Amino acid sequence: FVLTQPHSVSESPGKTVTISCTRSSGNIASNYVQWYQQRPGSAPTTLIYEHRKRPSGVPDRFSGSIDRSTNSASLTISGLETEDEADYFCQSYDSSNRVFGGGTQLTVL
Amino acid sequence: QVQLQESGPGLVKPSETLSLTCTVSGGSISGYYWSWIRQSPGKGLEWIAYIYYNGNTDYNPSLKSRVTISVDMSKNQFSLKLRAMTAADTAVYYCARDTTWGGFDPWGHGTLVTVSS
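As given, the protein sequences belong to chains A and B, one line each in that order. Residues 497 to 605 (the working numbering) are what the first sequence spells out, left to right. Residues 62 to 178 (the working numbering) are what the second sequence spells out, left to right.
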């Protein structure tokens, strides 16, 4: 299966942005979706796991959800800060593979 | 806190075999699954393979014919071999610990591997 994300999104500081991740086949709810943040030159770090849980240390400005009707997951970032400018990847799995979305470049301007 | 560090050559010739090692510090390799993941400009992030500390493995179907993953518990390390390298294999290679929720955390810093003659 494939996870499809928008290539890029942009929004102003203080606003809210939502990044989508659509699963091409298989039920989005059947396998956990994770979200990772990657800053230039660094490895990805976990923002959201198990669809909507946040690791300790991740601000509650970051939230995750799934929508069974569109077979997609979403990452919502509220109160945007300039430091949120980064690449964001969704990730899930099935019985034979672990799959990443193509990534979304967030610009905060 | 567990930390992972990749090591290996930064340059590999076409048709040769890439060998990378991931050293785990701050915790034991025992009891966990461990993965290799790569990131290239053309294909984004791609999971390559995982290994359990007891040696059980699984591979990305698209790479399975060229990949071997192994573990050395005495050194707290696991390794990747990717055969018949081509320019399409040029990427940053990461090692990471698998989680119970089907993701990866933490990740190593990554190592850039370039395939060129």
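Each residue gets a CB set at the ideal place from its N, CA and C atoms; glycine is no exception. These numbers were taken from a predicted model, which means no experiment stands behind them.
Item, Value
"Identify, in the order they occur along the chain, each residue of the same chain with its Cβ nearer than 8 Å to the Cβ of Ile-98(B), setting aside the five sequence neighbours on each side.", "Leu-106, Glu-107, Trp-108, Ile-109, Tyr-154, Tyr-155, Cys-156, Ala-157, Phe-165, Trp-168"
"May I have the straight-line CA-CA distance separating Ile-562(A) from Gly-597(A), to the nearest angstrom?", "15 Å"
"Residues in its own chain within less than 8 Å of Ser-140(B) by CB, not counting five upstream and five downstream?", "Ser-80, Leu-81, Thr-82, Cys-83, Ile-130, Ser-131, Val-132, Asp-133"
"Assuming Gln-534(A) is part of the beta strand (DSSP E), what are its boundary residues?", "530-534"
"In or out: Ser-552(A) buried (at least 16 other Cβ within 10 Å) or exposed?", "exposed"
"Please list, in chain order, the residues of the region 535-550 of chain A that have any C-beta partner in chain B closer than 7 Å.", "Ala-539, Pro-540, Thr-542, Tyr-545, Glu-546"
"Look at the alpha carbon of Arg-519(A) and the alpha carbon of Ser-178(B), and state the distance between them as a whole number of angstroms.", "39 Å"
"Could you check where the beta strand (DSSP E) with Ala-157(B) kicks off and where it finishes?", "152-159"
"If you draw a straight line from the alpha carbon of Gln-138(B) to that of Met-146(B), how long is it in whole angstroms?", "23 Å"
"In chain order, what residues of the same chain lie with their CB nearer than 6 Å to the CB of Ser-545(A), ignoring the 5 residues before and after it?", "Position check: residue 545(A) holds Tyr in this sequence, whereas Ser was assumed. Closer than 6 Å at Cβ, skipping near neighbours: Gln-530."
"Does the Cβ of Ala-152(B) have 16 or more other Cβ atoms within 10 Å, making it buried, or fewer, making it exposed?", "buried"
"Less than 8 Å between the C-beta atoms of Tyr-589(A) and Ile-515(A), yes or no?", "no"
"Between which two residues does the beta strand (DSSP E) harbouring Lys-142(B) extend?", "138-143"
"Can you give me the start and stop residues for the beta strand (DSSP E) that Glu-107(B) sits inside?", "105-113"
"Where Pro-102(B) and Ile-90(B) are concerned, what is the direct C-alpha to C-alpha distance, given to the nearest angstrom?", "30 Å"
"Is DSSP giving Ser-520(A) helix, strand or coil here?", "coil"
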